[in-house]
Amino acid sequence: MSSPTSTFGLLERLRAGDKESFTELFTKYRPRLAVLIHYKLSPETRGRVEVDDILQEVFFAASQDIGNFTYRSPGSFMSWLARIADHVIIDAARSMGRQKRHAAEMLRFRSASNPGGPEPVDSHTPSRIFAEQEGLQRLLDKLDALPPDYRDAILMAKVESLSPAEMAERLGKSREAVAVLLHRAIQRLRQLEDVKEPR
Amino acid sequence: MTALPNEDREKRLAEALAQFLDQQAREEAVDVEAFCRQHADLAPELREEIEALLEVDRLTQACPPAAPAAAAEDLPERLSGHKILGEIGSGGMGRVLLAEDERLGRRVAIKTLNRRYRENPRVRERFMQEARAMAKLSHPHIVHIYNLGEPDEPPHFVMEYLEGAPLTEAARALPLRQKVELVQKVVLAVEFLHRHQILHRDLKPGNILVGPDLEPKLLDFGLALQVDDLGSRMTLAGEVLGTPDYFSPEQTRGNASLDARSDIFSLGIILYEVLTGSLPFRGASFAEQLRSIREEDPVVPRRVNPSLPRDLQNICLKALEKNPADRYATAREMAEDLERYLAGEEVLAVPTSYARLIAGKMEQHLRELDGWKQDQIVSDSEYDALRKAYGRLSEPEDAWIMQLRRLSLAQVSLYFGAWVLVVGAALVFLFRFLGLSGALAVLVVAAAAVPTAYFGVRSWKAGSLRFGVAYLLAFCLLLPIALLVAMGEYGIFSGFTRGREDLELFYKFDSFKKTTNAQLWWSLLLSLPAYYWLRRFTKSTVFSLVFAVMAALFSLATLLRLGMLEWLDKDPGKIYFQMIPIALAFFLIAIALERIGRSGDSRYFYPIAIVFTFTALSGVALFHEPYAKWLERVAPWTRGQIEYLFIINAGIYLALQTLSERFHSPQMRMVAKTFRFVIPGHVMTSLLLLGLEASRLWNDSPLKIALRREARTFEIILPVVACLFVFGSIPKQMKNFFATGLLFLAIGVIRLQQDLFKDRAAWPIFLLIAGVLLMAAATKYPAMRLALTRRFRRKT
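Written out as C-alpha cells, the structure is:
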C-alpha cells in the first residue's frame, strides 16, 4: 500500500527500529526545510545564524522527539518539522539576542503572525546547503524576486507541502481563490525563469 | 488564446493545478502525461506550470523516489583494470567490491561511491580526498590503498583485500591479555592517524578487521576529515546520522568542532565492548541512544564482568568521560596507559565518574557526619580523618601528580637533570672562575634560566604538566641565582650591611665569591613575584611551597641585613628573639590564606611558622640572657636555670595550642596537635634535668637543708607529674602524654630508689602490689564508682 520510501513508510520503518530510515527522512526533507528556515529567519537573524546549524538542531530535536509524533496526513510530518524549526529559531534568536529583541520579530514568513514582515535582504554569504546545491540557490533567487504573497503561496504548497484546501484554511480564503493565487504565482515564477534563462 | 473565456480559462487552469497539487500532497504518483491529456484544452499553459512545479520539487527533494533503485545498481565489469568479482558490503555512501588484479594475481577490494552522490562534485571530491589522505599513510594496522580511480571512471579507489572478522567478534574468544593487546594496537593506529591530522570519526568494530594473525586493520574512513580543513566539511545526512552506537557525546550534538578526543571516546566504547561483551550505552530508539551517550554514566565494567582488573576499568572509563577535557588528551596517552597495564604497572587513569558515582551518596554521608560531630558521636580528629578520606575519594589527584610521585627512569633523570642544572648555576654564583666572569657569567646563567622558563611554560600549556612542572621548579631555583650572578657581576647592591664588611655572610669564607647580604636579599625579594605568578598560572600549589620556602629564606636574609652575624658573636639569643615576629608573620599569612579558602596554599605556611616558633622559643630559652635574668628577678629560687625557661616555653605552647584549637579549621587543629606534641617532652626532660642539678648541688654541700629539700622535691615531683600526664592523656587521647609519662615514671622510680628508698625492700613490693591492684581495678571501675557515690551520698 505505502511504498517504503514514502514519509509514512519511512516513519513506520523508524518505529520498527530501523535507524537507517531516519537518515532517509532527513535526506528527503533537508532541502525543503532549509528553504523554509531561510524564509523563517528574519533578516537580522539571517546574518548571524547559519541555516545549516538550525537545520542540524531541528533534526536532532526531531530525532529525540519522534516518539511523540503521530502521522495524520502526508503533510503532517513537514508541519511538525516546521513547528520544531520555529522553536529552534526562537531559541537561537533568544540566545543571541543581546539587544533583547522580541523573539517573535525574528520570525518572518508566517504571514498570520507577521503580515507586514520586511523584504528579505540578499544574503551575500549563502549557507552551505545552498552553496552545495546550486539549483536551490537559483530557486531562492527567484523566490526572492517574487511579490511576498506569491512567494508565500509557493512556499506553502511546495515547501510546507500543504494541499490547496489546507492553504485555504490557513489563509482564510476559498479554495478557488487559493488555486488562482497559486496559478498566478507559478506563472510569475515561470516568467522569471524565462527572463533569466537566456543570460 | 481566445479573448472571451479568458477569466474562465484562468479559473479552470487554477482548478486543474489545484487538483494536481492535491494529488501531490497525498504523495500519490501522478502521471503527468495522462493528467495533461485529461485537460487537453488547457494544453500549453498547464503543462508549463506543472513542469515549473516539478522543477521546484526536483530542487527541493534531494532524494527523489527513484533513489532506492540506486542500491540495486549493476556491478561494473572492470574498474582500474581490475576484474570485479562481486560485492563485499555496502554502506551509506557507497559499496565495497571484491575484485581481482589479474596481472599480480591478487585479490583487492574496491570502494565505490553511490550513484546518487556521484553527481555532486563536492562529495566526489571529498571521496577522492579521503582516498588520497589514506594513500599517504603507511601503517601496519591501517589498510593500504593501492591506487585511485581515473577521472573518466566512476569514482573509486583500490585497496588491500582483507580477510578477517570485526574486532569484537575476533576478540570474543581471546584471553584478556590478548584482547587488551589488540585494542592497544588499534589505539596506536588511531594515534598515527591523529598525528597526520586525520580524525577517523567513525570508529566501530565493523571498521576494524582482525586477520588470522591477530593483527587489527583500520579501514573505512567514511567520516574521516582533515583536521586542518574544516572549511570543506560536508555534513550530509547519512554521515551525521550513521550508526550512533559508537558516537561521542560531541557527535550526537552534531558538533562541528570535533577533535581527536571524539575518537578517544569511540575507542573507549570499543574497549568497553571488547572487555565486557556489551555496549556501554544502549537505547531502544535512535533518540534514546543519543540521549544515553550524552547523559548516562556507563555501567561500571566490573559490574558486568567482575573478573576485570580495576586498572582496565579505569582506562575504559577515562576514555568514556562525557567532557572531552576529562578524557585522555591524546590517543598516545591512552595507549601508554594500556601499555602500563600490560607491563604490570599502575595505570594513571582516574575516571571522574567514580567521583560522580560516589558524590551522590557522599553528600548525604557528609551531612550525617556533620551531625555526628555536632552530637559528639565522633571526635574532632575522627571527623577530620573521615572528611579527609572522603575528600580524597571525591577529588582524586591529577594523573600528572601521581606520575610525579613515581620514580621512573624518566622521572628520576628529569629531576636529576634539573638538580645538576641548579647546582651548576649555583657554582657560578658561589665561586669566581677565571674564564667565566662579567657579562659571560651572566649570559651563561641566563642561558640556563630563560630556556627552562620558556620550556616550562610551553610544555605546561601543551598539557605535559609533569615536564612543565619540573622545568618551572628548576627555574624557580635558577631565578634568584641568575639575579645574584647579574648583581654580583655588575656590582649592583654591593654596599655592606651597616657599612661593615664583617657583617657580610659571604665575606666570612675566603674561597667564595663576595656576594653581599643586600644582593641576597634583593634577589630573593625580586623572585617572590615570579613564584606568585607561577602559582596563578599553573594553579599548582607546588609553587606555594616554593613561595613559602623562599619567603622563609628571605626572612633569614632580612635578619642578615639587620646584623645577624654580629649577634652571632656577641648575643646569639637576639637572633632567636628576632625570629618571633617572623613566626608570627607566617602564622598570620597562613591563617589569612586559609580564611579566604586557599587551604591548599596555607598548608605550606603553617609548618614554616611552627618551625620558626620552636626554633625561636628554644633559642631564646637557651641563649637569650634577658630572658633568664627576668626569670631570676621574678623568682630568685629558680637561679634563672634554662630548664625553668623550657617549662615556661611548654606553658606558651599550651597556650598556643588552646588558642589554635579555637579556630575551626582542620589545619589549625593540626597546628594545635603539633604544639601539644612537644609539651610533655619539654616538661619531663626539664624536671629530670632540674632534679639532677639539684641533687648535684646537694651532693656538693650535703649539709644545706634547703638544697636537700629541693632535691627531694624534684625526686617526688617527677613521678607525680608523670602519673598526672599518664592519666591526663585520657580526655584528649593524647598518646604522647601517656607514653612520655610512662617512660619518665620509670626514671622517677629509679631516682627514688637511688636516694629515698635505698635498700628498702618494701618499695619494689609496694610497686608490685600497686600494679596488680590497678590492673584488677581496671575491670571493676564502673562498680567501684557506683559504690563510692553511694557511700558519699550516705555520708551527706
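Here the protein sequences come in this chain order: A and B.
Note that the working numbering gives residue 113 to position 113 of the first sequence, counting from 1, and the numbers run on in steps of one.
Note that the working numbering gives residue 832 to position 633 of the second sequence, counting from 1, and the numbers run on in steps of one.
Every residue, glycine too, gets a C-beta built ideally from N, C-alpha and C.
Since we're looking at a predicted model, the values are computed, not measured.
Any C-beta of chain B sitting closer than 9 Å to the C-beta of Asp141/A? No, no contact with chain B.
So the candidates are Glu581/B, Thr740/B, His399/B; which of them puts its Cα closest to the Cα of Ala330/B? Measuring from the Cα of Ala330/B, the nearest candidate turns out to be His399/B.
Which value, in whole angstroms, describes the spacing of the CA atoms of Gly623/B and Leu613/B? C-alpha separation (whole angstroms): 15 Å.
Per the contact definition of three or more C-beta pairs closer than 8 Å, is the region 690-700 of chain B in contact with the region 664-676 of chain B? Not touching, per the Cβ criterion.
Do you know offhand how far Leu10/A's Cα is from Glu24/A's? Approximately 8 Å, taken between the alpha carbons.
State yes or no: is the C-beta of Asp496/B nearer than 8 Å to some heavy atom of the ligand GDP? Ligands in the displayed structure: none, and consequently the ligand GDP is not present.
Alpha carbon of Pro264/B to alpha carbon of Arg246/B, nearest angstrom: Confidence is the limiting factor: at Pro264/B the pLDDT is only 35, short of 50, which leaves the residue's position unreliable, though a coordinate-based value still follows. In a straight line, the C-alpha of Pro264/B is about 21 Å away from that of Arg246/B.
Per DSSP, which residues does Ile407/B bridge with? Please list them. Residue pairing from DSSP places Ile407/B in a beta bridge opposite Leu417/B.
Tell me whether Val255/B sits in a helix, a strand or coil according to DSSP, three-state version. Helix, per DSSP.
Smallest Cα separation from Glu232/B: which of Pro243/B, Arg225/B, Ala224/B? Ranking Pro243/B, Arg225/B, Ala224/B by CA distance to the CA of Glu232/B puts Pro243/B first.
Between the C-alpha atoms of Lys769/B and Leu568/B, what's the straight-line distance to the nearest angstrom? The straight-line gap from Cα to Cα measures roughly 56 Å.
Quick one: what's Pro365/B bridged to in DSSP? Per the DSSP secondary-structure output, Pro365/B pairs in a beta bridge with Leu408/B.
Mind the definition here: the region 801-811 of chain B touches the region 824-831 of chain B only if three or more C-beta pairs lie below 8 Å; say whether that holds. Output reads no: the region 824-831 of chain B does not touch the region 801-811 of chain B.
Is there contact between the region 732-747 of chain B and the region 693-713 of chain B, where contact requires at least three CB pairs shorter than 8 Å? Contact fails: fewer than three Cβ-Cβ distances are below 8 Å.
Length of the line joining the Cα atoms of Ala459/B and Leu392/B: Near 10 Å, if we compare the C-alpha coordinates of Leu392/B and Ala459/B.
If you measure from the beta carbon of Asp401/B to each beta carbon in chain A, is any gap under 9 Å? Closer than 9 Å to the CB of Asp401/B there is not a single CB belonging to chain A.
Counting along the chain, where does the alpha helix (DSSP H) carrying Ile344/B start and finish? Careful: Ile344/B lies outside any alpha helix (DSSP H), inside the beta strand (DSSP E) at 344-347.
Coarse secondary structure for Ile691/B, derived from DSSP in three states: Reduced to three states, the DSSP call for Ile691/B is coil.
CA-CA distance, Leu297/B and Gly405/B? Rounded to the nearest angstrom, the two C-alpha atoms are 17 Å apart.
Chain A contact for Arg257/B (CB, 9 Å cutoff): Yes, contact with chain A.
Over what stretch of residues does the alpha helix (DSSP H) that includes His881/B continue unbroken? Looking at the DSSP string, the run of the alpha helix (DSSP H) that includes His881/B is 865-899.
Assign Lys707/B to one of two classes, buried (16 or more other C-beta atoms within 10 Å of its C-beta) or exposed (fewer than that). Exposed.
Tell me which residues share the same chain as Val745/B and place their Cβ nearer than 6 Å to its Cβ, disregarding the 5 neighbours each side in the sequence. Once the five neighbours on either side are set aside, the close Cβ partners of Val745/B are Cys675, Tyr730.
Beta-bridge partners of Met358/B, as assigned by DSSP: Ala308/B, Ile344/B.
If you measure between the beta carbons of Ala61/A and Val88/A, is that distance less than 9 Å? In this structure, Val88/A lies closer than 9 Å to Ala61/A by Cβ.
Would you kindly work out how many angstroms separate the C-alpha atoms of Leu519/B and Pro728/B, rounded to a whole number? Rounded to the nearest angstrom, the two C-alpha atoms are 40 Å apart.
Within 9 Å (strictly less), CB to CB, does Glu166/A reach chain B? True, the Cβ-Cβ gap to chain B drops below 9 Å.
Cutoff 8 Å; reference Val877/B; Cβ partners in own chain excluding five residues on either side: If the five residues before and after Val877/B are omitted, its C-beta is found closer than 8 Å to the C-beta atoms of Phe813, Ala849, Tyr852, all from its own chain and listed in chain order.
Suppose you measure from the CA of His200/A to the CA of Phe77/A; what does that come to, to the nearest Å? The structure shown does not extend to residue 200/A, since chain A is modelled only from 1 to 199, so the question has no answer here.
Of the choices Val668/B, Val920/B, Cys922/B, Trp897/B, whose alpha-carbon is the least far from that of Ala910/B? Shortest Cα-Cα distance from Ala910/B to any of Val668/B, Val920/B, Cys922/B, Trp897/B involves Trp897/B.
From Phe786/B, Ile514/B, Glu703/B, Gly698/B, residue whose alpha carbon lies closest to that of Arg531/B: Considering only alpha carbons, the answer is Ile514/B.
Would you mind sorting Ala815/B into buried or exposed? The rule is 16 or more other CB atoms within 10 Å of its CB. The residue in question, Ala815/B, is buried, as its Cβ has 16 or more Cβ neighbours within 10 Å.
Element boundaries [alpha helix (DSSP H), containing Ser461/B]: Note, Ser461/B: alpha helix (DSSP H), 459-475.
According to DSSP, simplified to helix, strand and coil, what is Arg277/B? Three-state DSSP puts Arg277/B in a strand.
Contact set between the region 143-161 of chain A and chain B, restricted to residues whose Cβ is under 8 Å from the partner: Shown in chain order are the members of the region 143-161 of chain A whose Cβ falls below 8 Å from a Cβ of chain B: Ile154, Ala157, Lys158, Val159, Ser161.
Cross-chain neighbours of Arg246/B in chain A, by beta carbon under 7 Å: By Cβ distance, chain A contributes nothing, its closest Cβ being about 11 Å from Arg246/B, past 7 Å.
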